[in-house]
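S.K.: Sharing a structure below in structure tokens format, with a few things to ask.
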Amino acid sequence: MLEQDRIKINFMARGKWEEVKTGLKQFCSSATSITIRFHEEQDEFILERVSYEGFVPKRIRLEYDPLVPRIKYCCCDPQEHRGEITFKLVNGSAIYLVDSRVVLLKDIVFVLSSCVTGDV
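Following this note's numbering, the numbering of the sequence shown begins with 342 at its first residue and continues without gaps.
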């Protein structure tokens, strides 16, 4: 990768991280049958499913790594699903990659939120 492209992707990746967090926040506000809380810091985002009795052991933790750049996630479920979202520059725009495949934001939000809803 050219140095110029690396500088662009590093700059654009932070915006992509913000898009993922915004998508997950919108999901939280639209969830009707369950209650989901989120905790946010600059480079960390956690979604937790809440029941009336307290916390249900379903949550996902996302961490943005600006040095690579990438988003690492860990679903705290029995299978402990883990992975990372990376970025690629295409025609001057940053796109999401999961396992070297291009993935749309809506699909990322669905899969990540399913960790707390149990839909997948």
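For every residue, glycine included, the Cβ atom is placed at its ideal position computed from N, Cα and C. In this text the structure is predicted, and so the values were computed from the model without any measurement.
With a cut-off of 8 Å on the beta carbons, I'd call Lys-349 and Leu-430 a contact; round off their distance for me.
M.R.: 6 Å
S.K.: Would the stretch 381-393 and the stretch 430-442 be scored as touching if the rule is three or more Cβ pairs under 8 Å?
M.R.: no
S.K.: Below 8 Å on the Cβ atoms is my guess for Val-457 versus Lys-399; work out the distance and round it to an integer in Å.
M.R.: Their Cβ separation, rounded to whole angstroms, is 5 Å, which keeps Val-457 and Lys-399 in contact under 8 Å.
S.K.: Indicate the three-state DSSP secondary structure (helix, strand or coil) for Cys-369 in the structure shown.
M.R.: helix
S.K.: For Thr-376, which option in Pro-410, Thr-363, Gly-364 and Ser-392 has the closest C-alpha, if you only look at C-alpha atoms?
M.R.: Ser-392
S.K.: Determine the DSSP secondary structure at Glu-359, reduced to helix, strand or coil.
M.R.: Correct three-state label for Glu-359: helix.
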